[in-house]
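FYI, in the numbering used here the residues of the sequence shown are 2 to 381.
All residues carry an ideal CB built from backbone N, CA and C; glycine is no exception.
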Amino acid sequence: MAVIEPSPSTFSRMEAWPRLRQAIQTTIAACISYLIADAAGLPQGFWAVMTAILVTQANVGASLGLAADRLMGSMLGVVVGGGVALALADMHELKFAGLAVTVLVLAFFAARRPALRIACVTAAIVILGDPQLGPPIASAENRMLEVAIGTVVAIATTLIVFPSRAGPAFAEHVTRTLEPLFEVLREVLAAGLGQSHDAVAIGAQAARVRAAFAAGDTLAREARLEVAGFLADSPDPEAMLRALRRLWHTEIMLLRAVSQPLPERAVTKLGPAIEALRGAIDGVAKQLGEPATAYAAPDLSAVEIALAAIEQQMEEMRAHGETRKLSMDEVIRLMAFDFALGQLRLNLRDLAERAPELAAFAGSTYPLLRRLQGLTARWT
């Protein structure tokens, strides 16, 4: 039965949809924020609009993270800026000095925590605010209301309009990360046998892996924020990230061990078992890459058999004294290769145990909704 691959246009639409979704969410959040601020009679509704645009992100977790930073920074800026503006209300000639000192202090702390940069902006605007808009305290209160409106509207929009959460995105990201990981592993094993391999392609896949780890850390942080906000019930993603990194570190050890092909004696003895291992790894990669089986524990039986065969052949080489005929450098590389394969066995077992956790990320529910339903049922 032929497998129908998605066309390039399908991939293009799949990649464009997240961007279009966020654009729609941002537009809706900005418009609603302005309408609410205008209806409330707030003098500078653009603060609510700017906040909504900044806070609306690709998923709920990212929006929560920015919302917390925005609210904390704005509140600090309003308090500090309002205090300075109130103290210098009748001393216009000292406003410049007050602005300089305020920005200096806040920028000092913002250098350590970038999220506080918004505090500098907010404080400066409050200090330099138009007196016609009211006294400093009233102006500061308006800023907080406008920021709160934009924040609440942005989070509500990401929850209601084409909602996307970090948990399912993390599960999809892990399956995509496994592709270059297994590709590098296959190429490394081929290099050990002296087969031709593309070093440039391995480098490109390694760059993909490193970029994927950085993106995975971001999604994991956003998934934790969703759990903390009772908007998801997914497990801690750290265990899965750790399993992926351990597999990658093992591949680096293998890559160093096969910087030169394995000794000819070892290739003759271990070649068939290593080829069997490559085939078994292809099977595992296919199981974890197929949508129907991506979130289930892969079958490692073929991998275990191939690794056991390699281990047996290595023992026979030692027993028959074949390793004594190798140079010291060849023995060291062969021992490093053997040790790395032992780590690979542990890494793949760990990954197989963690794979079902992806189903929990993909099927994450809303604990907050369940709590609200429980309260409603209790009072009715």
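Buried or exposed by the 16-neighbour rule on C-beta atoms within 10 Å, applied to residue i
i      : result
Trp18  : exposed
Leu21  : exposed
Thr11  : Since pLDDT at Thr11 reaches only 48, below the 50 mark, its modelled position is unreliable, and the value read off the structure follows with that caveat. Thr11 is exposed by the Cβ-count criterion.
Ser8   : Low confidence applies here, because Ser8 scores a pLDDT of 46, under 50, leaving its location unreliable and the question unanswered by this model.
Asp70  : buried
Leu95  : exposed
Thr269 : exposed
Pro273 : exposed
Met329 : exposed
Leu347 : exposed
Ile275 : buried
Ile5   : Caution applies to Ile5, whose pLDDT of 40 falls short of 50 and renders its modelled position unreliable; the model cannot decide the point.
Ala170 : buried
Gly217 : buried
Leu278 : buried
Met318 : buried
C-beta contact flag for residue i and residue j at 9 Å
i      : j      : result
Gln313 : Thr159 : no
Gly1   : Pro262 : This structure leaves residue 1 out entirely; the chain is present only between 2 and 381.
Leu67  : Arg166 : no
Leu226 : Leu65  : yes
Val154 : Ile33  : yes
Ala63  : Glu239 : no
Trp249 : Val304 : no
Arg118 : Gly84  : no
Glu180 : Ala286 : yes
Pro236 : Arg334 : no
Val122 : Gly151 : no
Tyr296 : Ala360 : yes
Asp300 : Phe183 : no
Met254 : Ala191 : no
Gly99  : Ala88  : yes
Asp339 : Ile306 : no
Supposed contact pair residue j and residue i - C-beta distance, whole angstroms, cut 8 Å
i      : j      : result
Leu327 : Arg266 : 7 Å
Pro137 : Ala90  : 6 Å
Ala215 : Asp351 : Wrong, their Cβ atoms sit about 21 Å apart, outside the cutoff.
Val162 : Gln26  : 5 Å
**OP:** Could you pull out every unbroken alpha helix (DSSP H) segment of at least 4 residues lying fully inside the region 256 to 323, listed in chain order?
**Re:** 265 to 290 and 302 to 320
**OP:** At 4 residues or longer, and completely inside the region 28 to 76: list those alpha helix (DSSP H) runs for me, N to C.
**Re:** 47 to 56
Subject >> Unbroken stretches of the beta strand (DSSP E), 3 residues or longer, contained in the region 190 to 218 >> reply: none
**OP:** Return the chain-ordered ranges of every alpha helix (DSSP H) run that is complete within the region 124 to 197 and spans a minimum of 4 residues.
**Re:** Within the region 124 to 197, complete alpha helix (DSSP H) segments of at least 4 residues are found at 137 to 161 and 167 to 193, given in chain order.
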